[in-house]
Amino acid sequence: MELKLYDTLTKEKRAFAPLDPANVRMYVCGPTVYDFAHIGNARPVIVFDVLFRLLRHLYGEAHVTYVRNITDVDDKINDRAARDYPGLPLNEAIRKVTEQTGNQFHADVAALGCLPPTIEPRATEHIAEMRAIIERLIANGNAYVEQDHVLFSVATDPRYGNLARRSLDEMLAGARVDVAPYKRAPMDFVLWKPSKPGEPSWASPGGIKAEGRPGWHIECSAMSWKHLGERFDIHGGGIDLVFPHHENELAQSCCAFHTDRMANVWMHNGFLQVEGEKMSKSLGNFVTIHELLADWPGEVLRLNMLRTHYRSPIDWTLKGLEESAKTLDDWYAVARDLPGERVAGSVIEALTDDLNTPQMIAALHGLRNLAGDGDELLRDEFAASLRMLGFLADTAAGWTARKQQASGIDAGQVEALVADRSAARARKDFAESDRIRDQLAAMGIAIKDGKGADGKPVTTWEVAR
Ligand SMILES: [Zn+2]
Numbered sequence: 009m010e011l012k013l014y015d016t017l018t019k020e021k022r023a024f025a026p027l028d029p030a031n032v033r034m035y036v037c038g039p040t041v042y043d044f045a046h047i048g049n050a051r052p053v054i055v056f057d058v059l060f061r062l063l064r065h066l067y068g069e070a071h072v073t074y075v076r077n078i079t080d081v082d083d084k085i086n087d088r089a090a091r092d093y094p095g096l097p098l099n100e101a102i103r104k105v106t107e108q109t110g111n112q113f114h115a116d117v118a119a120l121g122c123l124p125p126t127i128e129p130r131a132t133e134h135i136a137e138m139r140a141i142i143e144r145l146i147a148n149g150n151a152y153v154e155q156d157h158v159l160f161s162v163a164t165d166p167r168y169g170n171l172a173r174r175s176l177d178e179m180l181a182g183a184r185v186d187v188a189p190y191k192r193a194p195m196d197f198v199l200w201k202p203s204k205p206g207e208p209s210w211a212s213p214g215g216i217k218a219e220g221r222p223g224w225h226i227e228c229s230a231m232s233w234k235h236l237g238e239r240f241d242i243h244g245g246g247i248d249l250v251f252p253h254h255e256n257e258l259a260q261s262c263c264a265f266h267t268d269r270m271a272n273v274w275m276h277n278g279f280l281q282v283e284g285e286k287m288s289k290s291l292g293n294f295v296t297i298h299e300l301l302a303d304w305p306g307e308v309l310r311l312n313m314l315r316t317h318y319r320s321p322i323d324w325t326l327k328g329l330e331e332s333a334k335t336l337d338d339w340y341a342v343a344r345d346l347p348g349e350r351v352a353g354s355v356i357e358a359l360t361d362d363l364n365t366p367q368m369i370a371a372l373h374g375l376r377n378l379a380g381d382g383d384e385l386l387r388d389e390f391a392a393s394l395r396m397l398g399f400l401a402d403t404a405a406g407w408t409a410r411k412q413q414a415s416g417i418d419a420g421q422v423e424a425l426v427a428d429r430s431a432a433r434a435r436k437d438f439a440e441s442d443r444i445r446d447q448l449a450a451m452g453i454a455i456k457d458g459k460g461a462d463g464k465p466v467t468t469w470e471v472a473r
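Per my numbering, the sequence shown starts with residue 9, numbered consecutively.
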């Protein structure tokens, strides 16, 4: 099956041809570790995890390298460290903040069913590569030193603006540009800047005597170069990163390495809003992954995210989460505890069409209906497909336990009551079965009767909200 992906740079969906099929290389911008990740941050992590899984399926697990960085040097980290640990030296406080936040991020995305990337580089471990790129840019005439800063001269790169599809005038009007005395032109951006006393600092490039620290954009050019080379296959991230972050990465890398492309395909996921509104701390609708995981199993968040195509904006709603939970309950009742060996062709076909996850979910519904009639082969394909996509990670008991943990309800007791009710129905004692149903309803549990994989009656339950 031919994989087709949409490229933000050329604005077209085209057949994907890796530079080296024995090593398909993908870079995705990772988190800046200073606070809990919000549900908007989860979108690229889940979307590119699905792409990573698809690439592994198509090219073989050993033939895909997925790099997702951690930005551990940033003003926001410094501010947070100074606020949370006023008694500690700043560098020590920064280490605490980045360690804790990094661990929390790993726990969050693992709960969302995401595989760890192949390599997870940290910005502070790639300062030498950043300096090397900056020296090249200075030597090539694309960067200049002014007042202990190094700046990229946008006027030296005629391609600048191609990714965002904006002219310099439009970019100037749309961006909050700092007018600074060390800039020759307002759009020029910082590659390196001096550190304030007590801040993290490293030996500077460009013959600057004072120590300094890198700008944000140069970090990704350096880490992708180190781990994937001057040119690689896929660069991903959220649509909010197109400008200026990715435009600047592209300019830096192409000018430093004299290439016409940094990545062959640029992929961006759309915005996420919550209950029809832009998520913001001031609106009070700012939701962290951590908070959501207290109420829902990670798979529910994952499925809910994939119901919308990655390039479309997504509206994150309680209703959507409830529907996703119901779907998974039904799917797991059919597929649970099956090993699953062959992934269904219809699922792969949907994904190879620019990660068409709504079509993939429709394919899974179709499979579930057929598998529900008890066909062993289809049940196996259904289970294999769910596993390949990061669902059904453990046994039925695991799913029940996660639902219980999320709802605060004693799932063991519920399961026992559901079993009693099924027994009552089997012996046609409908008064008893109704009584148990009412008892469950009083506990806040809704039940649904359906048909299992073997064609026998199956009852699923969920927490009514
Ligand atoms: Zn980046």
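Where is the CB? At the ideal position from N, CA and C, for every residue including glycine.
Source: prediction; values computed, not measured.
Identity of the residues DSSP links to residue i by a beta bridge
i	result
aspartate 457	Thr467
tryptophan 210	Gly220
arginine 202	Before going further, note that residue 202 is proline rather than arginine in the sequence given. For proline 202, which the question treats as bridged, DSSP gives the partners Gly220.
threonine 40	Thr79
phenylalanine 160	Ala151 and Phe197
lysine 334	The partner list for lysine 334 (beta bridge, DSSP) is empty, contrary to what the question assumes.
threonine 73	Arg33
alanine 23	Lys12
glutamine 281	Lys286 and Asp323
glycine 245	His276
histidine 46	Thr296
aspartate 361	Lys12
alanine 414	Paired residues: none, contrary to the question.
alanine 271	Phe240
isoleucine 127	Val75
Proximal residues to residue i (C-beta, below 8 Å), its chain only, five neighbours per side dropped
i	result
isoleucine 47	Leu280, Val282, Met287, Val295, Thr296, Ile297, Leu300, Leu309 and Trp324
glycine 374	Ser354
valine 351	His65, Glu389, Ala392, Ser393 and Met396
glutamine 112	Phe44, Ala45 and His298
arginine 61	Leu123, Met396, Leu397 and Gly398
threonine 311	The sequence given here places leucine at residue 311; threonine does not occur at that position. The residues are Ser332, Thr335, Leu336, Ile369 and Phe399.
alanine 193	Ser161, Val162 and Ala163
alanine 379	Val342, Ala343, Leu386, Arg387, Glu389, Phe390 and Ala461
alanine 302	Ala414
leucine 171	Thr16, Leu17, Val250, Phe251, His254, Glu255, Leu258 and Trp274
threonine 267	Glu238, Arg239 and Ser261
Residues of its chain near residue i, where Cβ-Cβ distance is below 7 Å and the 5 sequence neighbours each way are ignored
i	result
leucine 66	Leu11
aspartate 241	Pro26, Leu27, Val32, Arg33, Met34, Ala271, Asn272 and Val273
leucine 425	Ile444, Gln447 and Leu448
glycine 306	Ala119, Leu120 and Gly121
valine 466	Ala341, Gly458, Lys459 and Gly460
arginine 76	Val36, Gly38, Pro125 and Glu128
leucine 500	Any question about residue 500 goes unanswered here, given that the chain covers just 9 to 473.
Cβ neighbour criterion (16 or more within 10 Å) applied to residue i
i	result
glutamate 69	exposed
glycine 398	buried
proline 29	exposed
methionine 341	Looking at the sequence itself, residue 341 is alanine, so the reference to methionine does not match. So alanine 341 counts as buried.
glutamate 257	buried
methionine 368	buried
arginine 376	buried
histidine 243	buried
proline 208	buried
glutamine 260	buried
serine 212	buried
lysine 191	buried
glutamate 470	buried
aspartate 402	exposed
glycine 284	exposed
proline 166	exposed
proline 222	buried
glycine 149	exposed
methionine 9	exposed
phenylalanine 438	exposed
Chain B contact for residue i (CB, 7 Å cutoff)
i	result
proline 252	Considering every chain present, this structure includes no chain B. It has just one protein chain.
Residues near residue i by beta carbon distance below 6 Å, same chain, minus five either side
i	result
arginine 130	Ile78 and Asp80
alanine 432	Glu440 and Ser441
leucine 13	Phe24, Val273 and Asp362
serine 320	Gly278
leucine 314	Thr365
Near ligand 1, which residues have their beta-carbon less than 5 Å from any of its heavy atoms, given in chain order? Cys37 and Cys228
Please confirm if the segment 136 to 150 is in contact with the segment 221 to 229, defined as three or more CB-CB distances below 8 Å between the two stretches. yes
Per the contact definition of three or more C-beta pairs closer than 8 Å, is the segment 245 to 257 in contact with the segment 267 to 280? yes
Contact between the segment 54 to 64 and the segment 362 to 373: three or more CB pairs below 8 Å? yes
Given 8 Å, three or more beta-carbon pairs between the segment 95 to 105 and the segment 148 to 157: no
Please determine if the segment 418 to 435 and the segment 369 to 383 are in contact, where contact requires at least 3 C-beta pairs separated by less than 8 Å. no
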